Amino acid sequence: MSERVTAVVVPAPGAPGGPVLAVRDLHVTYRSSAGPVPAVRGVSFDVAPGQTLGLAGESGCGKSTLASAVLRLLPAETHVAGEVLLLGEDVLAMRPGRLRAVRWAQAAIVFQGAQHALNPVRTVGAQITEAIELHAAGGNQAAVGDLLELVGLPPRRADSYPHELSGGQKQRVMIAMALACDPQLLIADEPTTALDVMVQAQVLALLQRVQHELGLAMIFITHDLSVLTTVAHRLAVMYAGQIVEEGPTREVLETPAHPYTAALAAAFPTIGDPASRLAPAGLAGDPPDPVELPAGCAFHPRCPVALEACRTAAVELRPVAPGRRAACLLVGS
């Protein structure tokens, strides 16, 4: 697998003041007609100032649910347990007024579909201004034009409506809006999925530049491992609502410790390699239905190296190397 992924990650700066975000034993369970749906199961991680944590995994593994839980954007009937410590304060325990003050001012999110997130009947400048006005007490007083210039758009675009902008320009507006109130944590939930390759590269370069200039902590969610090798200092691989491997991005992708991570890395094609084109690697089957999770390790029905004990043993994250963890019985065996 290691030859398929080439990481170019720059080491993250240290965090002398502690993490911006500390998630501890987070559980998220939806209600449905079929019964409780455990979407996130016992997830813990930290994100330091100036650091990007990448979240990878197939659709339905809990990545976007995890991101929404950090800012309490889930449906009211959703059961959430654990701790989400944003600058030391538990988001899950905040009163509604405090939560409204924290959103945008301390943590902001960039969604995947800017077309659906922007109001089509208001100019983009008016929408950015609204975010600043609502959080003026702790927000950024910079002009809208300055924010647009920060994300590479001319200030005159403030008078444009969303339909007058390209997909890449709308995504830049969403980033400008997220940065309007000087947050310390930025969550990017598949922000480049709907963009073509050239625009995707521009948006990724923009996010890296802005993060470096502002010292932001960032969570970056995507299916594209090539994106994560570029932007993420650390990588957390999710499967069936749990983190199955976590550590420095380069190490995780080049020397995966969990069979699921190895399968994801192997599925990443090598451009120009006939073997990759004629015999693409992959992983048979689909992630389990959260309503009917298998006993033991949730990955064992698809795992090519599963042991008999994997069918019944509850596997927790265990050390692989300094700064690395994996949830597999084969680790250390």
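In case it helps, this note's numbering puts the sequence shown at residues 265 to 597.
Beta carbons are placed, not taken as given, at the ideal position from N, Cα and C, and that holds for glycine.
Computed from a prediction, not measured in an experiment: that's the story for all the values here.
Compare the C-alpha of residue i against each of the options and name the closest.
i	options	result
L327	V501, V516, C561	The amino acid at residue 327 is misidentified as Leu; the sequence shows Lys. Answer by Cα proximity: V501.
L468	P455, G479, L478, L480	P455
L449	R589, Q315, R588, P565	Q315
D453	V463, A562, H487	H487
V516	L337, M358, L499, Q506	L499
G321	A527, A573, P583	A527
V437	V292, Q466, V415	V415
G352	H343, C325, A312, G389	A312
V243	G511, A381, A481, S297	Nothing in the structure corresponds to residue 243, since the chain is present only between 265 and 597.
R431	A298, L478, L571, V463	For the record, residue 431 in the displayed sequence is Gly; it is not Arg. Checked all of A298, L478, L571, V463; the closest Cα to G431 is V463.
H399	R359, Q435, P447, D460	P447
A286	L443, P568, D354	D354
Kindly indicate which three-state DSSP category residue i falls into: helix, strand or coil?
i	result
E510	strand
R295	coil
L593	coil
V284	coil
D289	strand
A481	strand
A504	coil
From what residue to what residue does the alpha helix (DSSP H) around residue i run?
i	result
V495	489 to 495
H476	461 to 478
P302	First-last for P302: 301 to 311, but that is the beta strand (DSSP E), not the alpha helix (DSSP H).
Taking the beta carbon of residue i as the centre, do at least 16 other beta carbons fall within 10 Å, making it buried, or is it exposed?
i	result
E509	buried
A591	buried
V495	buried
H522	buried
S332	buried
R362	exposed
V385	exposed
V555	exposed
T513	buried
G546	exposed
Q405	Unreliable positioning characterises Q405 in this predicted model, as indicated by a pLDDT of 42, which lies under 50. The coordinate reading is nonetheless provided below. By the 10 Å Cβ count, Q405 comes out exposed.
R305	buried
T586	Here residue 586 is Pro; the residue named in the question, Thr, does not match the sequence. Exposed, since its Cβ has fewer than 16 Cβ neighbours within 10 Å.
What span of residues does the beta strand (DSSP E) with residue i cover, start to end?
i	result
A452	449 to 453
Would you say residue i lies against chain B (beta-carbon separation less than 7 angstroms)?
i	result
L429	Among the chains of the structure shown, chain B does not appear; only one protein chain is present.
*Which whole runs of the beta strand (DSSP E) in the stretch 314 to 370 are 3 residues long or more, in chain order?*
316 to 320, 343 to 350
_Residue ranges of each alpha helix (DSSP H) within the stretch 373 to 442, 4 or longer_ = 378 to 381, 388 to 398, 408 to 414
*Where are the beta strand (DSSP E) runs, 3 residues long or more, that stay fully inside the stretch 515 to 591, in chain order?*
582 to 585, 588 to 590
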